[in-house]
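Q:
Protein chains in written order, with the working numbering: chain A, 1 to 219; chain B, 1001 to 1583.
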């Protein structure tokens, strides 16, 4: 087993912070530090240089979007540190704001998702490794937008599933596993989707997410 | 007006001619004593009544009082016929010589509006005419000229017999009738005067008092003659009654002038007092004093609401046109109605006074109107504030219910499930595993419900990021495609943003529920210091503004910010909900 992934957790609720720490440690992560507010978080990220910071959106003093701003600051000042933002509510504006610049080493998940341990740890791992993670519910909202002359209507239900998983930031292998198909089949679907939506095919996962999100946002 | 003038001119010429004829008859009379004095006095009295009567007629063509005064003058000239020496002219003259008194009684009882107000008054006047003509009849039928103390008088055309007893009896009877009638008229006049309002009394006083004096002297004179009292006393009383009679029209003229002077005084006083400034009841009291009407009220016209309100801003009604007791006079400034003075109907007899008071009070009433408008607004705000509080309470009740029925129930069930799972852990781990899985699902549903509830109360993104992302989220969640046509570049005040958000939220909910629309368009813009929120759809239209509490709550929310909410929804042509909120 390689080096454990090192995590800094920021949440103003001690209960939740401790809970997250225990969960992550149980699943083989190393919790390098815990912070109660954005300032503390930036200090600890600077000190510990973790692989990923798991950050709550609402933190003192104003309890609005400190977490988001801290996330931007971390991505700007410590490019090697990934940021996974946890939010109490599904707010596509926040998600898109966070992921519109770069989807690299960035993620946005609904806080409830931590209970789904497998997909949560998977997301933390993905972001720590430079990938992206977008909550399925946000993806559903983006896909569910009603549009006039909707090109999304031309894709098949299967392709739609693949598109959703792509938007969540999953790799082809992960998508193949989730849909119980071969990676080869997933690749075919991806090619078809990209041509139907008139997108330029990309190889890297996080660039692919960026393209898909830009498309969904603009449409 | 010129038609009336010409007619009155003709009557005046007739009056002059009739007067001159009377003068000629008296001067050429063989049996009249002191012809010169008699002629001049008769001419003066007759012309005075006709002149003043015509003046009153001209000033108040609608009031028959002037006509009656003129008639008194003409009737008075009829008596001059009794100076004629020809038998039938003389007889007719004597019979008609008291008619002027009957017309006078008619006028007095019809004062000041020229109409006999009741059946009783009409009967009294009828009796007066009858007695006036019947009065001289006994002397024309059963008395010789000697008994009448007029040796040179021509013989009566109606002479039957020289019967002193019958004459005395009939004369006493007629005199008693006449005295009783005049006494009754006196009583009616005085009680009418007592029952009048202050302003009415002021106008009536000179005529009523001179009329009353005349009636008193008349009673005295009739009594003296009936009981054959001293001749000199009878002559004196007759002379005094003539003088008093001559005075009545001038009394009327004086009353008119006095009301002019009082009116000028009242208006001057009013202007002076108003310049000192006054509070609400102050203006009413000033006007009430100036017009001598204690029941006076001032109401104000609210152009925007198109209704009358009192000084407190509460809705008020104007008296109907045919209201017997109350009337109103409009007050205008620069051609716009600003208010009205509601007063006793008797003041309608003096429209100039009310008119000048209204004109003088115009500015003050305009000021009061603005105040009343403000108070009406405050009243409205009070009502809408009460509704907002009520809506807030209702909203809290709804939240409480949703929390109890939703998330709380799920959490209780969850706690039970966990308790059972705990019991199963040791002996039946598979069942415990399934139970925990179920608990997990239940928990995520409870969380989802809580999230939805929180968003309904106030979406966090609205305060954090502003209208555009919040409206985008609303649009994104709508089952009907929504085009977000524009939002202001700069942030609006939080209360305005929240109101705009909930306008769009409510409108989109209604679009989905009722409009059967294929798409909707949302825009928020700034124009003329207002945030303008518009939600339009291409649905069936015909939306009812009173539908549900949603729109009402929105209207209150908007009006709390001094804004307006407008719903345009013609049948079959889509619906537009438009809110304008001052920024």
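For each residue, glycine too, the CB sits at the ideal point set by N, CA and C.
None of the values given here were measured: they were computed from a predicted structure.
Could you check where the alpha helix (DSSP H) with residue 1179 of chain B kicks off and where it finishes?
A: 1164-1195
Q: Cα separation between residue 1096 of chain B and residue 1076 of chain B?
A: 9 Å
Q: If you compare alpha carbons, which of B:1210, B:1318, B:1113 and B:1223 is closest to residue 1196 of chain B?
A: B:1113
Q: Please confirm if residue 1465 of chain B has its CB atom under 8 Å from at least one CB of chain A.
A: yes
Q: Using a Cβ cut-off of 8 Å, pull out every chain B residue sitting near residue 223 of chain A, in sequence order please.
A: This structure cannot settle anything about residue 223 of chain A, because the visible part of chain A is limited to 1 through 219.
Q: Since residue 99 of chain A and residue 132 of chain A should fall inside the 8 Å C-beta cutoff, what is the C-beta to C-beta distance between them, to a whole number of angstroms?
A: Contact annotation, residue 99 of chain A with residue 132 of chain A: C-beta distance approximately 7 Å; criterion of less than 8 Å satisfied.
Q: Starting from residue 1373 of chain B, trace the alpha helix (DSSP H) in both directions and tell me its first and last residue.
A: 1351-1403
Q: Exposed or buried, residue 1324 of chain B, counting other C-beta atoms within 10 Å across all chains shown (16 or more means buried)?
A: exposed
Q: Could you check whether residue 48 of chain A and residue 8 of chain A sit closer than 8 Å to each other, using their CB atoms as the reference points?
A: yes
Q: Determine, using beta carbons only, whether residue 1447 of chain B comes closer than 8 Å to chain A.
A: yes
Q: Work out the CA separation of residue 1010 of chain B and residue 1269 of chain B for me, nearest whole Å.
A: Each residue's CA atom was taken as its position, placing residue 1269 of chain B and residue 1010 of chain B some 42 Å apart.
Q: Using a C-beta cutoff of 8 Å, does residue 90 of chain A count as contacting chain B?
A: yes
Q: Can you check whether the C-beta of residue 1497 of chain B is within less than 8 Å of a C-beta belonging to chain A?
A: no
Q: Starting from the C-beta of residue 1646 of chain B, find all residues in its chain whose C-beta is less than 6 Å away, skip the five residues before and the five after it, and write them out in chain order.
A: What the structure shows of chain B is the stretch from 1001 to 1583, and residue 1646 of chain B is not part of that stretch, so it cannot be assessed.
Q: Throw me the rounded Cβ distance for the residue 1179 of chain B and residue 1227 of chain B pair, which I believe falls under 8 Å.
A: No, residue 1179 of chain B and residue 1227 of chain B are not in contact; Cβ-Cβ is about 11 Å, not under 8 Å.
Q: So is residue 1545 of chain B buried or exposed if we call it buried at 16+ other beta carbons inside 10 Å?
A: exposed
Q: In whole angstroms, what separates the C-alpha of residue 950 of chain B from that of residue 1183 of chain B?
A: Any answer about residue 950 of chain B is impossible in this case: the structure gives chain B only from 1001 up to 1583.
Q: Just to confirm, is the Cβ distance from residue 106 of chain A to residue 80 of chain A under 8 Å?
A: no
Q: Give the interface partners of residue 1444 of chain B over in chain A, defined as CB-CB distance under 7 Å, in chain order.
A: 112 and 115
Q: Tell me, please, whether the CB atom of residue 141 of chain A is closer than 8 Å to any CB atom in chain B?
A: yes
Q: Does the CB of residue 94 of chain A have a neighbour CB from chain B at under 8 Å?
A: yes
Q: If we define contact as Cβ-Cβ less than 8 Å, is residue 145 of chain A a contact residue for chain B?
A: yes
Q: Using the C-alpha atoms, what's the distance from residue 1460 of chain B back to residue 1391 of chain B?
A: Those two C-alpha atoms are separated by around 22 Å.
Q: Can you name the start and end residues of the alpha helix (DSSP H) that residue 1491 of chain B belongs to?
A: Here residue 1491 of chain B belongs to no alpha helix (DSSP H), and DSSP marks it neither H nor E.
Q: Give me the chain A residues within the contact set of residue 1469 of chain B, using Cβ-Cβ distance strictly less than 9 Å, ordered along the chain.
A: 91, 92, 93, 94, 96 and 97
Q: Please list the terminal residues of the continuous alpha helix (DSSP H) segment that includes residue 1512 of chain B.
A: First-last for residue 1512 of chain B: undefined, no H or E at that position.
Q: Along chain B, which residues have their Cβ under 8 Å away from the Cβ of residue 64 of chain A?
A: Within chain B, the residues whose beta carbon sits less than 8 Å from that of residue 64 of chain A are 1460, 1463 and 1464, listed in sequence order.
Q: From residue 1139 of chain B to residue 1167 of chain B, what distance separates their C-alpha atoms?
A: Straight through space, the alpha carbons of residue 1167 of chain B and residue 1139 of chain B are spaced by roughly 7 Å.
Q: DSSP on residue 1564 of chain B, reduced to helix/strand/coil?
A: strand
Q: Is there a Cβ of chain A sitting closer than 8 Å to that of residue 1473 of chain B, yes or no?
A: At least one chain A Cβ lies under 8 Å of residue 1473 of chain B.
Q: Could you tell me the boundaries of the beta strand (DSSP E) in which residue 22 of chain A lies?
A: Looking at the DSSP string, residue 22 of chain A is not in any beta strand (DSSP E); the run it does join, the alpha helix (DSSP H), is 14-26.
Q: In the DSSP assignment, find the beta strand (DSSP E) that holds residue 82 of chain A and state where it starts and stops.
A: 82-87
Q: Cβ atoms of residue 1302 of chain B and residue 1284 of chain B: under 8 Å apart, would you say?
A: no
Q: Can you check whether the C-beta of residue 1455 of chain B is within less than 8 Å of a C-beta belonging to chain A?
A: Yes, residue 1455 of chain B counts as interfacial toward chain A.
Q: So, do the stretch 1389-1405 of chain B and the stretch 1360-1380 of chain B have three or more beta carbon pairs nearer to each other than 8 Å?
A: Taking a cut-off of 8 Å for Cβ pairs, the stretch 1389-1405 of chain B and the stretch 1360-1380 of chain B do not touch, as fewer than three such pairs fall below it.
Q: Can you check whether the C-beta of residue 1410 of chain B is within less than 8 Å of a C-beta belonging to chain A?
A: no
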